[in-house]
Every structure is written in structure tokens, then in C-alpha cells.
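Numbering (numbering that gives the first Met the number 0), first residue to last: 0 to 81.
All C-beta atoms in this analysis are idealised placements derived from N, C-alpha and C, irrespective of residue type, glycine included.
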Amino acid sequence: MQDFKDIMFVSEDIYNYFSKITKEDARNAVEQWDISEAHSQSGTLALCLENISKNISNYSEDELSKMIFSISRAQREIFKLI
Numbered sequence: 000m001q002d003f004k005d006i007m008f009v010s011e012d013i014y015n016y017f018s019k020i021t022k023e024d025a026r027n028a029v030e031q032w033d034i035s036e037a038h039s040q041s042g043t044l045a046l047c048l049e050n051i052s053k054n055i056s057n058y059s060e061d062e063l064s065k066m067i068f069s070i071s072r073a074q075r076e077i078f079k080l081i
């Protein structure tokens, strides 16, 4: 996954999913929220960062800024729950 649009879509999708889960829901509802999903999606975001770093010259400064912000925002949503 190297394309700017793909990376943005994935990170925004992950953010949208995890931003709807509260800390209380994550602690109290095992059936509704699975910690392995958080680990999996965090790994996906890490892979996005790895791909960005390998292909950094292919992106404009604006694209890099948007991708990094989007990925870090999604990671923050995951980290607040685990």
C-alpha cells in the first residue's frame, strides 16, 4: 500500500472505527470490542508508515503531512483504549 489515497483511506477508516468506542465500552464489553482488532489495526498503521518511509520521495510535503497526521490520529484512538 503505497498510494496516498489508499493510505489516507485506511487510516481514516481505522480512526472512524476506534473513535466511536469509549474507554468504558472497551473495558466492559468484551464481545463488542476485541483487543486483537486493536493490535491488528495498529500493525496496519505501522505498515503504512513503513511504506511511506520506503517511498518518501514519491510524496509531496503536503501529502506527507496529511498521511502522518491521519495515521497518528488513528493510533491515538487505538492507544486510548488499550
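Item to complete: Just mark Ala-73 as buried or exposed, buried being the case when its beta carbon has 16 or more other beta carbons within 10 Å.
Response: Under the 10 Å beta carbon count, Ala-73 is surrounded by 16 or more other beta carbons and is classified as buried.
Notebook entry, point to check: Whole-angstrom Cβ separation of Ile-6 and Ile-51, contact assumed at under 8 Å?
Noted result: In this structure Ile-6 is in contact with Ile-51, their Cβ atoms being roughly 7 Å apart against a cut-off of 8 Å.
Practice prompt. Just the C-alpha distance for Leu-80 and Phe-68, rounded to the nearest angstrom, thanks.
Written response: Distance from the CA atom of Leu-80 to the CA atom of Phe-68, rounded to whole angstroms, is 19 Å.
Just the Cα atoms here: how many angstroms apart are Ile-34 and Asp-12? If I take the Cα positions, the gap works out to 17 Å.
Checklist line | Option nearest Phe-78 by Cα separation, candidates Leu-63, Phe-8, Glu-62, Ile-20 | finding: Residue Ile-20 is the option with its Cα nearest to Phe-78.
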